[in-house]
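Numbering (our numbering), first residue to last: 2 to 89.
Backbone N, C-alpha and C fix where the C-beta goes; we use that ideal spot for every residue, glycine too.
Keep in mind the model is a prediction, meaning the values are calculated, not measured.
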């Protein structure tokens, strides 16, 4: 669960209506990527449902707020699945 900028709570759990971002096989091969895709699609769908339109259609603030929620989901839900990368 993640709090959005209005103080509402948005679940990062995949919606039963949305198809999974990755297959079961892809989840086992690329868990980090699939977790991040799940965050992206789930938060974007929740924001679209809440707003009644695609985030950003009514201004940049909507888009930025949605991107912050997606990032928060990735940080909180995917940290254990993603290996830290060493900068080159």
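_For residue 47, report the span of its alpha helix (DSSP H) as first-last._
Taken as a continuous stretch (DSSP letters only), the alpha helix (DSSP H) holding residue 47 covers 32-52.
*With residue 56 and residue 46 assumed to form a contact (beta carbons below 8 Å), what rounded beta-carbon distance in angstroms separates them?*
Wrong, their Cβ atoms sit about 10 Å apart, outside the cutoff.
_Quick check on the DSSP output: the alpha helix (DSSP H) that includes residue 78 runs from which residue to which?_
Secondary structure note for residue 78: its alpha helix (DSSP H) is the uninterrupted segment 61-79.
*If we ignore side chains and look at the alpha-carbon of each, how far apart do residue 54 and residue 38 end up?*
Taking the straight line joining both Cα atoms gives about 20 Å.
*Would you call the CB atoms of residue 36 and residue 82 closer than 8 Å?*
In contact: residue 36 and residue 82 (Cβ atoms closer than 8 Å).
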